[in-house]
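A quick write-up on the structure given underneath.
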Amino acid sequence: MEKVVNLCKRRGFVFPGSEIYGGLGSSLDYGPLGVELKRNVKDAWLRAVVTGRDDVVGIDAAIIMHPGVWEASGHLAGFTDPLVDCKSCKQRFRADDLQGPRCPACGGELTESRQFNLMFKTFVGPVEDTAHVAYLRPETAQGIFVNFRNVVETSRLKIPFGIAQIGKSFRNEITPGNFLFRTREFEQMEIEFFVRPGEDDSWFEHWRDERLRWYSRLGLDPEHLRVRPHGGDELAHYAKACCDIEYRFPFGWAELEGIANRTDFDLRRHAGASGKDLSYFDEERRERYLPYVIEPSAGADRSTLAFLVDAFDEDEIEGETRVVLRLHPQLAPYKAAVFPLLRKDGQPERARRIYDALRREFPVDYDQAGSIGRRYRRQDEVGTPYGITVDHQTMQDGTVTVRDRDATTQVRIPEDRLVEELRTKIGQLG
3 MEKVVNLCKR RGFVFPGSEI YGGLGSSLDY GPLGVELKRN VKDAWLRAVV
53 TGRDDVVGID AAIIMHPGVW EASGHLAGFT DPLVDCKSCK QRFRADDLQG
103 PRCPACGGEL TESRQFNLMF KTFVGPVEDT AHVAYLRPET AQGIFVNFRN
153 VVETSRLKIP FGIAQIGKSF RNEITPGNFL FRTREFEQME IEFFVRPGED
203 DSWFEHWRDE RLRWYSRLGL DPEHLRVRPH GGDELAHYAK ACCDIEYRFP
253 FGWAELEGIA NRTDFDLRRH AGASGKDLSY FDEERRERYL PYVIEPSAGA
303 DRSTLAFLVD AFDEDEIEGE TRVVLRLHPQ LAPYKAAVFP LLRKDGQPER
353 ARRIYDALRR EFPVDYDQAG SIGRRYRRQD EVGTPYGITV DHQTMQDGTV
403 TVRDRDATTQ VRIPEDRLVE ELRTKIGQLG
């Protein structure tokens, strides 16, 4: 884990937040390569669950919502973690994370457990009083539920159908940590899939299996993935069934994504609190009902971390240790890098023309500093799957060398076939 964190800082994937001021706990900033990697993860999710299907549409709901939303959803009353304080060193801990009755840091005596609400409170407008209280959303799901009727009325979708969104959520975690895994500000990738009651069990299985396959297709080792069903004692109050897709991080098995059968809990609560009819009329069956909901909820940051950890590798080439990120080509920040072998004989100009042609199709890098071996290593370290070298033979017959990151093999290809070849290798991005 330490090697991955160091690589992320050194190569511009993730920086400590507010670093020049000493940082802020659990605050992280994505750098130039991290932005591309995370965007590729989100784009791959959207292709899989929205544009690649005809029964899911997207929305982008507001972060600050009416406080009544959180009262109806149960977040104001029940979105809490048990908190204890050490009477000696004053550190705070989640009570359910502790292994014994004493402080894990100093061995001191702990206070009685009390419930701590995880929502960030703010105020709307210039007056800071109870009438103007608002909250930063702790999840994106409620924005979907309150827009259910809007989507039904403005689209031609019929149940079963889903509404998906990617967005920021905020939780005032007591004990954030493990790099990108648990932070107070994070992005979720959520689907609320609305189904007819009685058909919810089969759709729960569908989404559980589909989401597990998605991680494997994008390169996570199946041996590092597992599905953990929730026991009856840990089911959320709204859930009929729930399971977690877990990944084996260096710090242990931990949740990547949860799939829950939320029944009609959310629509029923919002209908009662708002006084609006959120039922669905099934024209084919001539019946009206509140749909049940299957919710696959994934973390964009956790997924990005899992792909980074799983891709990180070290091997030996020509007696030197090579650090390589074996990212799936669809996730890699750069799809290729272009190198002139020499800084003379017109090679830089030829390489620049190839680079300009390729970057109209793919994110690519250009590098002419240092030996060709060093340039290969730099690209291996950030996960670039293909290196394209312009050399003296290019100037004679128009062919270039294409090097494969993982196999380190090289083949010669006519430069006018590069776009077609890369498109095939990468898998038609998008």
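The sequence shown maps to residues 3 to 432 in this note's numbering. Don't be surprised by glycine CBs; every beta carbon is placed ideally from N, CA and C.
Rounded straight-line distance, which links the Cα of residue j to that of residue i
i	j	result
residue 416	residue 392	11 Å
residue 271	residue 363	48 Å
residue 429	residue 168	24 Å
residue 317	residue 245	36 Å
residue 355	residue 361	10 Å
residue 93	residue 173	19 Å
residue 186	residue 175	6 Å
residue 331	residue 314	14 Å
residue 22	residue 8	18 Å
residue 54	residue 83	38 Å
residue 243	residue 15	36 Å
residue 285	residue 237	34 Å
residue 140	residue 344	54 Å
residue 5	residue 101	28 Å
residue 210	residue 261	6 Å
residue 132	residue 214	44 Å
residue 374	residue 381	11 Å
residue 394	residue 426	27 Å
residue 150	residue 207	23 Å
residue 431	residue 192	Low confidence applies to residue 431: its pLDDT is 41, below 50, so where it sits in the model is not reliable enough to give any reading.
residue 421	residue 220	22 Å
residue 414	residue 321	26 Å
residue 324	residue 424	24 Å
residue 36	residue 143	25 Å
residue 201	residue 47	25 Å
Nonlocal neighbours in the same chain, by C-beta distance under 8 Å from residue i, ignoring five residues either side
i	result
residue 248	227, 228, 229, 230, 255, 256, 257 and 258
residue 18	11, 25, 29, 30 and 31
residue 282	154, 161, 196, 290, 291, 292 and 293
residue 400	416, 417 and 418
residue 179	28
residue 346	none
residue 309	39, 43, 220, 221, 222, 329, 330 and 333
Close beta carbons around residue i, own chain, < 6 Å, minus the five adjacent residues each side
i	result
residue 78	72
residue 181	7
residue 268	147
residue 126	134 and 136
residue 353	340, 342 and 392
residue 368	340 and 357
Strand pairing of residue i, partner residues [DSSP]
i	result
residue 413	404
residue 30	18
residue 390	340 and 404
residue 82	119
residue 250	255
residue 223	DSSP, once it has assigned bridges, lists no residue as partnering residue 223.
residue 282	291
residue 65	Residue 65 pairs with nothing; no bridge assigned.
Beta strand (DSSP E) segment containing residue i, residue limits
i	result
residue 262	254-265
residue 123	122-125
residue 188	187-197
residue 424	Segment 420-428 is the alpha helix (DSSP H) holding residue 424; no beta strand (DSSP E) there.
residue 240	Note, residue 240: premise wrong, no beta strand (DSSP E); not H, not E.
residue 318	314-319
residue 327	322-327
residue 96	94-96
residue 290	289-291
residue 229	227-231
residue 296	294-301
Bounding residues of the alpha helix (DSSP H) (the contiguous stretch that carries residue i)
i	result
residue 167	Per DSSP, residue 167 belongs to no alpha helix (DSSP H); it is in the beta strand (DSSP E), 163-172.
residue 349	349-360
residue 75	69-75
residue 218	202-219
residue 153	150-156
residue 136	Note, residue 136: premise wrong, no alpha helix (DSSP H); beta strand (DSSP E) at 135-138.
residue 146	143-147
residue 382	374-384
residue 7	4-13
Same chain, Cβ closer than 7 Å to residue i, five either side skipped, listed in chain order
i	result
residue 88	105, 107, 108, 110 and 112
residue 350	342 and 370
residue 123	135 and 137
residue 216	50
residue 366	336, 337, 338, 339, 340, 357 and 360
residue 62	167 and 169
residue 33	14, 15, 16 and 17
residue 119	81 and 82
Check your understanding: Does the stretch 98-108 come close enough to the stretch 62-74 that 3 or more CB-CB pairs lie under 8 Å?
Key -> no
**Study point:** Cβ pair count under 8 Å reaching 3, the stretch 321-339 against the stretch 33-51
**Key:** yes
Exercise for review: Determine contact between the stretch 397-409 and the stretch 382-389, defined as no fewer than three beta-carbon pairs at a distance below 8 Å.
Suggested key: yes
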